[in-house]
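To keep things clear, I will list the structure first and then write my remarks on it.
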Amino acid sequence: MATLTYSKAINQALAEEMTRDENVILYGQDVAAWGGIFKVTEGLHEQFGPERVFDSPISENVMVGAGVGAATMGLRPVVELQFADFILTAGDEVFFKAGMWRFMHGGAFKVPLVIRAPSGGSGFGPEHSACPEAFVMHAPGLLCVVPSTPEDAKGLLKEAIRLDNPVVYFEHKLLYAMRGAVPDTEYTTPFGKAVVRREGDAVTIVAWQDMLRRTLKAAEQLSQEGIEVEIVDPRTLNPFDRDTIIESVQKTGACMVVEEAYRTLGVGAEIGAMLMEHALPYLDKPFKRLAIPDVPLPTSQHLVDHIVPSVDAIYKAVKDLVS
Amino acid sequence: MATLTYSKAINQALAEEMTRDENVILYGQDVAAWGGIFKVTEGLHEQFGPERVFDSPISENVMVGAGVGAATMGLRPVVELQFADFILTAGDEVFFKAGMWRFMHGGAFKVPLVIRAPSGGSGFGPEHSACPEAFVMHAPGLLCVVPSTPEDAKGLLKEAIRLDNPVVYFEHKLLYAMRGAVPDTEYTTPFGKAVVRREGDAVTIVAWQDMLRRTLKAAEQLSQEGIEVEIVDPRTLNPFDRDTIIESVQKTGACMVVEEAYRTLGVGAEIGAMLMEHALPYLDKPFKRLAIPDVPLPTSQHLVDHIVPSVDAIYKAVKDLVS
Amino acid sequence: MDHALLSDIFKTSLLTRRFEARIIQMAMAGELPGALHAGAGQEVGQIAAISALNKDDYILYGHRGVAYMVAREVSLASILADMAGKEGATNRGKGGVMHVVDVPHGILGESGTLGGGFVISVGVGMAIKRREPGKIATYFFGDGTSNRGTFHESLNWAALQKLPCIYYCENNGWAVSVPTSSSTAVPDISARAAGYGVPGVVVDGNDPTAVYEVMQQAAQRARSGQGPTLIEAKVTRQMGHFVGDQQTYRADADKAAAKDPLPKLQQLLLDAGTLNETSLSQIEADVQQQIDTAVETVRNAPLLAPEVALQDLYSE
Amino acid sequence: MDHALLSDIFKTSLLTRRFEARIIQMAMAGELPGALHAGAGQEVGQIAAISALNKDDYILYGHRGVAYMVAREVSLASILADMAGKEGATNRGKGGVMHVVDVPHGILGESGTLGGGFVISVGVGMAIKRREPGKIATYFFGDGTSNRGTFHESLNWAALQKLPCIYYCENNGWAVSVPTSSSTAVPDISARAAGYGVPGVVVDGNDPTAVYEVMQQAAQRARSGQGPTLIEAKVTRQMGHFVGDQQTYRADADKAAAKDPLPKLQQLLLDAGTLNETSLSQIEADVQQQIDTAVETVRNAPLLAPEVALQDLYSE
Ligand SMILES: Cc1ncc(C[n+]2csc(CCOP(=O)(O)OP(=O)(O)O)c2C)c(N)n1
Ligand SMILES: Cc1ncc(C[n+]2csc(CCOP(=O)(O)OP(=O)(O)O)c2C)c(N)n1
Ligand SMILES: [Mg+2]
Ligand SMILES: [Mg+2]
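Protein chains in written order, with our numbering: chain A, 285 to 607; chain B, 285 to 607; chain C, 45 to 360; chain D, 45 to 360.
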């Protein structure tokens, strides 16, 4: 297994799938000569040429909408939005054209479209920093992916490109530099299968991307005090693997969600409601959500740090819960 | 008390507030000479003239965005989107400009904007039939109103127009013709106060707009069998009155949400998670959600009827729950 | 223009006109939902435009009538089935008459939010440029729809990539109850072509020959890799925006009939002797028969199963 | 143009140039976040344009530098405080340098999503037309931003309502790493004015006198109720898109300096005797002093309290 960064893993997935299938094209602002503002697409323009990898105007609506149209007629576009927040700037195209074009035409089309959406991070301000997963998870017709490791980033993107349904692929800006082992051999990662990142009995914590990384850190500290938390990484939010979470909760009797989305109707809300429907008998502690307290992400880092769940906040929340 | 239709109540609220404050303007497609495609704004163009009530181009982005800009500089625009779904067509303007303009400028502006969004109903197809409340409730900065009676339609709209914050006002298409008593004297209805529409002890049902109407019908049948359900109408989703729901659940020990939004991460998800956080000890029955099964609204009525919670479905769900 | 072709255009227009009349009749009688936006008065131009394209060129349309599908020989029964939510519907109850689709006949559907076709059609253009070179994607849209931001992003995109796309604007002077003059800063939508370096052409949409010719030029341009053309056809909406619209907002509603191209085309063909009273009544009879058969077929067709509501969202 | 005004423009431009240089220096040193998009080379035109407006006219700007605020005498310390997240910040840590706001000085802020200013500024136009007649709203935006759909919807809206708006496009030939030719189907953004029936004017953005004159005409037009003007200033981005951008994508980066209007303006004023070596060094000293004071003020200012993150969303 080679050790790669999260962004290099994405780059490899793109290169491999573009090599495998000439119908895969890639476009977005600055993705060509410059390799993307986050340098994720470096080298692809040179390798696959301007017909398959090209820069686009600042026109998010047509970027996504053209991707849908092209997908219905046999291409497999990968569209890079410069920031995940822009799925709302292209709201009609993401939620209605990508999400519903097949449905409203009675299944006459397939829509193999991937929208790459760099999410989270901070310092970019209210319109460039969000984790808008919940908007996508609520909307019918859109698959939703949240890779947390280089291995998953590669495997889930390769799978996304091969699927015949539209996928919003959230890549977390703060994970781009993360290093991790990636299989040398060809693989894809199936959608809808959560993974237990750490075993424990004290409480089940559901977290992904940067919040997973922070939760794992907090878990180390807690472990030194004899508190072993179980951590579930959903990997995809649609399809969503409830069973792994329910099984874990049957063991731990408690659940906490740590997420970088706005708290109200964040992904944690669905997990809470789902558990109340299917696991009420096993729950002996109140449900807990750590999330953004329903304000946009500010620009100044120390204000951001005040509202994004920190390792310490996760640590404290677990202590409260178990005591 | 006069008996008015829901749409006439909205019309009166607009007329009264425009009379009270000359900064209130109203625009949208077909709202002027024609009085709106749902005839809600009839007579206002004649009464207040073309500078204050005018038709707009088919330009949802600028319709909402200009409303925000105008609001920051002292007007109090009421923008009619022809269909509630279009809040996503104007996604950037609704979620970022209306929701965040004040925040990202450190409170330098007030944004007294009302977006009127005709929701629900059916036969209009996937892009003209949704109840997209959950998108708004998840987003920071947007107040969210879901009036269920002519009285509330008028009182909540008058309040919305007077508030200095942006409000998405969902008016349900199937309620336009609903008749109800409306006070003759001046009044406004405060945000954030749910109302118990029917008292009971069997289960707490949270429902609003057309789903409330159906739930009340189902409650009649259930009552004949000695099952008394308690029905809570939240009236506004942001601010959201948790206490009334929690108090009711403390009495009934069970909760069900009936809504016209997509099930996953619909408003019911937040209610379920909230109860699990704050009312777990009182809950002796699993939580239940009746909602749209995560597909868009089709056009054909009998397909719509298959997926929108019916009086009968509500009746059955309660029977399952209490037995 | 060749009269054989002209009389084909006439026949298809007549079929469409009578077919929509029947749909309206059935809607009034409560047998169908009143979701049709009648194309009466615009169908001659629509059909003339489509007849200038190859049968395998692709079409995205607006909501203004069913001529687009009729011109491409989508079965009348399937269109009725879409409205009735019955077996045989092209979109299986999901989209009704708004989203009639027939890929083999090049009918790629419609966006319910106006102007969605701008972005979808350039995507289709990107795909055919790479996978089916020589084909064209044409998007028919209204004057009001040209005020969507997607118009701008799409035309810039198509012009930049020299996509094989045609933008066919049907300027009927109205968007529901709003006259173009109160919604659009320029009288000619075609003036907007200048912002993208593409040809902008105005044509009398009531003149099938003129329409045919500008479409041919645009098609030739698109096929030879020179990119899109913006065509603006000046037309007249003969009826209300939707079934039952009394047009109380429209002072000149009565004057519309005088501009109806269908009787004019009929007269032209009669004068030229291409048609005569006998052939004409033969055509009328044939049209009625086609419509009657379609109506019968659909009356006898079963409703779609309610569970179909849950299908077609994801491809398995 | 009157040399007193020209030397004011020079002074403000120099102050802006030196101030941004200091900001970059502090960012490189890790004392500030590197969020600035330097306006070097574009500030002369920006300031000349603003000097043609009244002090109480409103301005919405893009992200290209801080000249807009400096021209309106927003305190340098408050701009630094916005970057540093300290007390005295105009947007209280919420928007950093991207959303500097100062309503009393007519600075109405920025949309983080490019082109949001198109829709906000026409709304401002609607409000001042009714509440503060005689005032103008000007929106400064880049060539790349003109490809947003909001450009189209906004210009049609403003033209239709004859709003007192000015659209000032700074065409610097680039959108980050993408040359205008690969993102925009027309070389002149101003060509797009034709689609809205408004004047489209190209001006040399390096020539303050020329800029001043076209802005005056546009302002006169807006104030007299004739509606918006689309001005396109051809300018040159002197530095990278953001702090630290090596511009590896830009072959002609080295040629940019030759087009820098600031030294030209300085030479012109020296040749004309409006400035001399003494007055010039006096100006430089004065500029340095203003900047030093601002930097000192901010260094001594306390960080905003973390809880401020939770404020300013709703007005009470
Ligand atoms: C984005 C959007 N806004 C509004 C509507 C509602 N609507 C349907 S048809 C129509 C008028 C369209 O006018 P035009 O484009 O000129 O076409 P015409 O009806 O005249 O053929 C409107 C406003 C819609 N479907 N989508
Ligand atoms: C809607 C949107 N898309 C993309 C971006 C990211 N972005 C910020 S600046 C920029 C380039 C802008 O180019 P231009 O408008 O020409 O202004 P310039 O930087 O040249 O001054 C881009 C793509 C954004 N902020 N908003
Ligand atoms: Mg029209
Ligand atoms: Mg530029």
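Even for Gly, the Cβ is constructed at its ideal location relative to N, Cα and C.
Check: Quick one: complete alpha helix (DSSP H) runs, 4+ long, within the stretch 209 to 268 of chain C?; Outcome: 252 to 267
Check: Would you list, in chain order, the members of the stretch 213 to 226 of chain C that have their beta-carbon closer than 7 Å to a beta-carbon of chain B?; Outcome: 219, 220, 221, 222 and 226
Check: Given a limit of 9 Å on CB to CB distance, which residues of the stretch 100 to 117 of chain D reach chain B?; Outcome: 102 and 104
Check: Near ligand 4, which residues have their beta-carbon closer than 7 Å to a heavy atom?; Outcome: 186/D, 187/D, 188/D, 214/D, 215/D, 216/D, 217/D, 218/D, 219/D, 224/D and 281/D
Check: When you compare the CB positions of residue 157/C and residue 380/A, do they come within less than 8 Å of one another, or not?; Outcome: yes
Check: What does residue 587/A touch in chain D if you count any residue whose Cβ is under 8 Å from its own?; Outcome: 129, 137, 138, 348, 350, 352 and 353
Check: Quick one: which chain C residues come within Cβ less than 9 Å of residue 477/A?; Outcome: What residue 477/A touches in chain C: nothing, since even the nearest Cβ is about 17 Å away.
Check: Smallest Cα separation from residue 295/D: which of 284/D, 288/D and 305/D?; Outcome: 284/D
Check: Using CA atoms only, rank isn't needed, just tell me which of 70/D, 236/D, 275/D and 265/D is closest to residue 185/D.; Outcome: 275/D
Check: Measuring from the CB of residue 303/A, is there a heavy atom of ligand 2 at a distance below 7 Å?; Outcome: no
Check: What is the residue span of the alpha helix (DSSP H) that residue 183/C lies within?; Outcome: Run containing residue 183/C: none in the alpha helix (DSSP H); it sits in the beta strand (DSSP E), 181 to 186.
Check: Buried or exposed: which applies to residue 136/D, given that a residue is buried once 16 or more other Cβ atoms fall within 10 Å of its Cβ?; Outcome: buried
Check: Would you say residue 422/A lies against chain D (beta-carbon separation less than 8 Å)?; Outcome: no
Check: Can you grab the Cα-Cα spacing for the pair residue 83/C / residue 229/C, in whole Å?; Outcome: 25 Å
Check: What are the residues that DSSP puts in a beta bridge with residue 104/D?; Outcome: 183/D
Check: Any heavy atom of ligand 1 closer than 7 Å to the CB of residue 108/C?; Outcome: yes
Check: Under 7 Å between beta-carbons, which chain C residues line up against residue 291/B? List them in chain order, please.; Outcome: Neighbours of residue 291/B on chain C: none; closest Cβ ~17 Å, over 7 Å.
Check: Is any beta-carbon of chain A found at less than 8 Å from that of residue 231/D?; Outcome: no
Check: For residue 380/A, go through chain C and note every residue whose CB falls closer than 9 Å to its CB, in chain order.; Outcome: 155, 156, 157 and 160
Check: Under 8 Å by Cβ, that's how I've got residue 88/D and residue 53/D pegged, so tell me the actual separation to the nearest angstrom.; Outcome: 7 Å
Check: Is the beta carbon of residue 273/C sitting closer than 8 Å to the one on residue 210/C?; Outcome: yes
Check: Compare the beta carbon distance of residue 536/A and residue 478/A with 8 Å and say whether it is the shorter of the two.; Outcome: no
Check: Check whether the Cβ atoms of residue 215/C and residue 251/C sit closer than 8 Å, and answer yes or no.; Outcome: no
Check: According to DSSP, is residue 526/B part of a helix, a strand, or is it coil?; Outcome: helix
Check: When we look at the beta-carbon of residue 313/A and count the other beta-carbons within 10 Å, is it buried (16 or more) or exposed?; Outcome: buried
Check: Using the beta-carbon of each residue, which ones in chain D are nearer than 7 Å to residue 377/B?; Outcome: 163
Check: Measure the Cβ-Cβ separation of residue 619/B and residue 438/B and say whether it is below 8 Å.; Outcome: For residue 619/B there is no data in the structure shown, the boundaries of chain B being 285 and 607.
Check: Going by DSSP, what residue range makes up the alpha helix (DSSP H) through residue 324/D?; Outcome: 321 to 344
Check: Residue 259/D to residue 223/D, Cα distance in whole Å?; Outcome: 26 Å
Check: Going along chain B in order, which residues have a C-beta closer than 7 Å to the C-beta of residue 170/D?; Outcome: 350, 354 and 359
Check: Cβ closer than 8 Å: which chain A residues qualify as neighbours of residue 528/B?; Outcome: Ordered by position in chain A, no residue passes the 8 Å Cβ test against residue 528/B, which lies about 17 Å from the chain.
Check: Under 8 Å by Cβ, that's how I've got residue 166/D and residue 346/B pegged, so tell me the actual separation to the nearest angstrom.; Outcome: 6 Å
Check: Does ligand 2 have even one heavy atom less than 7 Å from the beta-carbon of residue 158/D?; Outcome: yes
Check: Using beta-carbon positions only, say whether residue 416/B and residue 372/B come within less than 8 Å of one another.; Outcome: yes
Check: Return helix, strand or coil for residue 296/D, following the three-state DSSP convention.; Outcome: helix
Check: State yes or no: is the C-beta of residue 496/B within less than 8 Å of the C-beta of residue 525/B?; Outcome: no
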